[in-house]
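Asks:
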Amino acid sequence: MNLIGLYNYWIVVTLMMIGFYVVIAHENLIKKLVGLSIFQTSVFFFYISTGKIHGATAPILDPKYDLYSNPLPHVLILTAIVVGIATTALGLALVVRIQESYGSIEEYEIQSQDTQDQMESQLEAYGFRKKHDLSIQNLDE
Amino acid sequence: MIEHLPILQVVVPLLGAPLCVIIRQARVVGLFALLISVITFLISCSQLQQVLQHGTIIYELGGWAAPWGIEYRIDYLNSYLLLIVSAMGAIVLVASQSSIVKELPRTRHMLFYTSYLLCLTGLLGILSTGDAFNIFVFLEISSLSSYTLIALGNDRRALTASYQYLIMGTIGATFIIIGVGLMYMMTGTLNMYDLAERLPEVHHSRTVLSAIGFFIVGVCLKLALFPLHLWLPNAYAFAPSMATAFLAATSTKVAVYILIRFIFSVVGAEFVDTVLPLPEIFIVLGIAGVFATSISAIYQLNIKRLFAYSSVAQIGYMIVGIAIGTPLGLTATLLHLFNHALMKAALFLAIGGVVYRVGSAQLSHFAGLGKQMPWAMGAIVAGGLSLIGVPLTVGFVSKWYLVLALLEKGWWPLTILVLISSLLAVIYVWRIVEWVYFTPPRIIIDDVQDAPISQLIPIWILVFANIYFGIDTSLTVGISQKAAAVLFSIGGAF
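Listed in order, the protein sequences are those of chains X and G. For the first sequence, our numbering begins at 20 and goes up steadily by one. For the second sequence, our numbering begins at 61 and goes up steadily by one.
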C-alpha cells in the first residue's frame, strides 16, 4: 500500500483535525471562526483533489489530449466556498454584536455574565425585585 | 404551468425574499411575505393532490436528464412534508403581522421577513430536490437565514445562541458534504436515486462506510439528536417568538426527513442494519434523549426554553420510530412529524401571544394570567395536553402508533419507557398550569387583555387542527402509511 502517494489525503485530514481542534479548544470567538474556516477549507481541498486524474489535463477540449480531469468537483466547491464566505461573514457580524453587548469575545466571560443574568431572573421568579425593568428595551433605536 | 409546480414551490419564496428588501415599508412587507407563503402553501396542496392521483412527479431542471442535471422528485413523503412546512410557514406569518411590531424595531421588520422567506426556501428546497449536493446548498440557505432569525431576538443571549448554532450547524453541514464527497468519489454521481443503484457495488469499501458515518452524524447535529442538541434550547428561547414558532414547527422536521430519505432511499435500510449497528444506537440515544431532555424541561423557568427541551424529547420519539425498522414504526415517525409540527406551532404561537402582552416568557410572569388571557392560555393547555398524548388529540395518535410498533416487535421494556416518559410531559405541562391558573400574579400589570384577535385566529386554527386530526386520522395516517410502504419497498427491511 502506497501511503505517501496519497499525500493529499493526509494533508486534508491533518488540516481538518487542526481546524476541528481549534473550534473545540479555543475560548476566543474569533479564533473559533478561524478554526471553522480551516475545517471547511480542508473539505475544499478534499473535493478538488478527488477530481484529479493521473496524466490528465485541464478539461478544455483539444484534439491533442484525450484524458481530462473531472471539473465537476471544482464547480461544487465553488458553491461551497460561497457558502463558507457567507458563514464566516455572518459569524463575524455576530461576534461584532456580541462584543458590543457583552464587552468581550471570550467565551468564559460571556458565560459568567449569562449566569449572572440567569441568577437574577431566578431570584426574580421567587419573588425578589429585579433592578431594571424586564420589558423590551430600545425598541425604537 | 402545472408541470412547473415543483420548481415554483422553491423559486416563489426565493424571489420573494429580495423583493422584501426592495419594498422596505414595514406594513407592506409583512402582507407581501404572507401572500408569498400562502402561494407556496397552495402550490404544495396542488402537488400533494397530483401525487395522490398520479404518483411520483419528476421534474428535470432546465430539461437536463437525471444523472447529469438536477432532478426534483416529489413522492408521497416529500409532498406530505412540503404540505406541513408550507402550511406552518403561512400560518405563523398570519400571527407575526402583529407580534413582530411589538418585538422588533420597525427597521428590522424587512430583515425578519427576508430571512424568513429565505429559510422557507431552503426548507422547501431540501424537501423537493433529488440531488445530494443540492441538499447541502439548500440546507445552508435555511441554516444561514435561521441564524439571522435567531440573532434578531431582543435579549443579548440571542446573539450567543445564534453564534453557538452557527458553529454547530456549520460543523454538521460540513460533515454532510464530506459524506456526499466520499460517496461521489466512489460512485461518480450525486443524484440520490442513481446513488441508490450504484452504492451496492461498492458497499463494503471503507470509504462508503465513513461516508455514511459522516453524513449521519452531520444530519443528527442538524436534527438535534440527544447529545448533539446543545444548540437548540437557547436558540429557541431567545429568538423572536414567531421565529421560534416557525423553526420549532419545521426545521428539525426537515432534518429528520433528510435522515429518513438517506437511510431508506439512498443507502438502503438493509445495509445500514447489517454493517452498522444504527438501530441500536438510535434507540439508545432516542430513549436517553427523551428522558434527559424531559427532565431538563421540568426545571426550566423560561417557558420557551421549556418547550425547546420538550422539542428535543419529541425528536427522540421520532428517532425511535425510525430505529424500530418496520413500516409501522416509520408510520409513527411520519405521523409524529406532522402532529408535533401542529402542537409546537400552536404552543409557541400562543406563547408569542402572551409575550405580546406581558413582554416576557418567564414562567413567573405567567402567574395568574389564566383569568385575564383565557384564550391564549387555553391554547397553551390544549397544546400541552396534545404533547402529553391525551386521547382525542394528535399527540395520542402518534404515540399510539409508536406503542403499537414497539409491541409488534415485542419490545416490552421500551414500550414501558415510552409510557413513563409521557408522564414526565405531564409534570412539565402541569407546572405551567399551576403557574397560570393557581398562582396569584406576582407582578401587577393593569388591563392585561387577551392576545390580539389576529394572533388568536391562527392559534385556535392550530388547536382545532390538533383535535381534528386527533379524531379523524384518515388523511395523516393514510399518507404516512403509503409513504412508509413506498420507502420500505425501495429500501427493504431493517
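Positions of the beta carbon are idealized from the N, C-alpha and C atoms, including for glycine. Given the structure is predicted, the values throughout are model-derived calculations rather than measurements.
1. Going along the chain, which residues of its own chain have a beta-carbon closer than 8 Å to the beta-carbon of Thr100 of chain G, five neighbours each way excluded?
2. Please state whether the Cβ-Cβ distance between Leu290 of chain G and Ala299 of chain G is less than 9 Å.
3. Starting from Ile130 of chain G, trace the alpha helix (DSSP H) both ways and give me its first and last residue.
4. For Gln422 of chain G, would you say it is in contact with chain X, using Cβ-to-Cβ distances shorter than 9 Å as the test?
5. Run through DSSP, which three-state label would Ala545 of chain G get?
6. By DSSP's criteria, Tyr87 of chain X is part of a beta bridge. Which residues make up the other side?
7. Can Ala315 of chain G and Leu250 of chain G be called in contact, C-beta distance under 9 Å?
8. Output the distance between the C-alpha atoms of His37 of chain X and His425 of chain G, rounded to the nearest integer angstrom.
9. Please list the terminal residues of the continuous alpha helix (DSSP H) segment that includes Glu200 of chain G.
10. Would you identify the three-state DSSP class for Asn214 of chain G, choosing helix, strand or coil?
11. Please report whether the beta-carbon of Tyr369 of chain G lies at a distance below 9 Å from any beta-carbon of chain X.
12. Can you look up Gln422 of chain G in the DSSP assignment and give me helix, strand or coil?
13. In this structure, how does DSSP classify Thr60 of chain X when only helix, strand and coil are distinguished?
14. Kindly list the residues whose CB is nearer than 6 Å to the CB of Thr69 of chain X, restricted to its own chain and excluding five residues on each side of it in sequence; keep chain order.
15. Between Ile96 of chain X and the rest of its own chain, which residues show a CB-CB distance below 7 Å, the 5 nearest in sequence each way excluded?
16. Can you tell which of G:Val537, G:Pro451 and G:Gln360 has its C-alpha closest to the C-alpha of Gly389 of chain G?
17. Along chain G, which residues have their Cβ under 9 Å away from the Cβ of Leu55 of chain X?
18. Determine the contact status of Ala405 of chain G and Gly444 of chain G, defining contact as a CB-CB distance below 9 Å.
19. Would you mind telling me which residues of chain X sit closer than 8 Å to Val197 of chain G, beta carbon to beta carbon, in chain order?
20. Does the CB of Ile238 of chain G have a neighbour CB from chain X at under 9 Å?
21. So, is Trp495 of chain G buried or exposed, given that buried needs 16 or more other C-beta atoms within 10 angstroms?
22. Just verifying my parser: in three-state terms, what is the DSSP assignment at Glu120 of chain G?
23. Ala105 of chain X versus chain G: which residues are under 8 Å apart at the beta carbon?
24. Can you tell me which of the three DSSP states Thr533 of chain G falls into?
25. What residue range is occupied by the uninterrupted alpha helix (DSSP H) comprising Thr310 of chain G?
26. By the 10 Å Cβ neighbour count, where 16 or more other Cβ atoms means buried, how is Phe274 of chain G classified, buried or exposed?
27. Using the C-alpha atoms, what's the distance from Arg321 of chain G back to Val463 of chain G?
28. Mind pulling the beta strand (DSSP E) runs of 3 or more residues that sit fully within the segment 329 to 371 of chain G?
29. Reducing DSSP to helix, strand and coil, say where Phe124 of chain X ends up.
Replies: To lay it out plainly:
1. Result list for Thr100 of chain G: Gln69, Val72, Pro73, Ser146, Gly149, Ala150, Leu180 and Leu184, in chain order.
2. Between Leu290 of chain G and Ala299 of chain G, the CB-CB gap reaches or exceeds 9 Å.
3. Segment: none, Ile130 of chain G is in no alpha helix (DSSP H) and carries neither H nor E.
4. Interface residue, yes.
5. Correct three-state label for Ala545 of chain G: helix.
6. DSSP lists X:Thr76 as partners of Tyr87 of chain X.
7. Contact: no.
8. A small fix is needed here, since residue 37 of chain X is Ile in this sequence, not His. Taking the straight line joining both Cα atoms gives about 46 Å.
9. Counting along the chain, the alpha helix (DSSP H) containing Glu200 of chain G begins and ends at Ala192 to Ala211.
10. For Asn214 of chain G, the three-state secondary structure derived from DSSP is coil.
11. No, because no Cβ of chain X sits closer than 9 Å to the Cβ of Tyr369 of chain G.
12. Strand at Gln422 of chain G.
13. Looking at Thr60 of chain X - three-state DSSP - the assignment turns out to be helix.
14. Cβ-Cβ distances below 6 Å link Thr69 of chain X to Pro92 in the same chain, with the five nearest sequence neighbours on each side left out; the list follows chain order.
15. Only Phe63, Tyr66 and Ile67 meet the Cβ criterion.
16. Of the listed residues, the one whose Cα sits closest to Gly389 of chain G is G:Val537.
17. Close partners of Leu55 of chain X in chain G (Cβ separation under 9 Å): Leu226, Ile227, Thr230, Ile231 and Thr234.
18. No; because the gap between Cβ atoms is not below 9 Å, this pair is not in contact.
19. Contacts between Val197 of chain G and chain X, judged by CB atoms closer than 8 Å, involve Thr98 and Val102 in chain order.
20. True, the Cβ-Cβ gap to chain X drops below 9 Å.
21. Around the beta carbon of Trp495 of chain G, a 10 Å sphere encloses 16 or more other beta carbons of the protein chains shown; the residue is thus reported as buried.
22. Assignment of Glu120 of chain G by DSSP, reduced to helix, strand and coil, places it in the strand class.
23. Neighbours of Ala105 of chain X on chain G, chain order: Glu200 and Leu204.
24. Reduced to three states, the DSSP call for Thr533 of chain G is coil.
25. Boundaries of the alpha helix (DSSP H) around Thr310 of chain G: Ser301 to Ile320.
26. Here Phe274 of chain G is buried. Its C-beta has 16 or more other C-beta atoms within 10 Å.
27. One C-alpha to the other measures close to 23 Å.
28. Runs of the beta strand (DSSP E) inside the segment 329 to 371 of chain G: none found.
29. Checking the sequence shown, residue 124 of chain X turns out to be Ile, not Phe. Note: Ile124 of chain X maps to coil in three-state DSSP.
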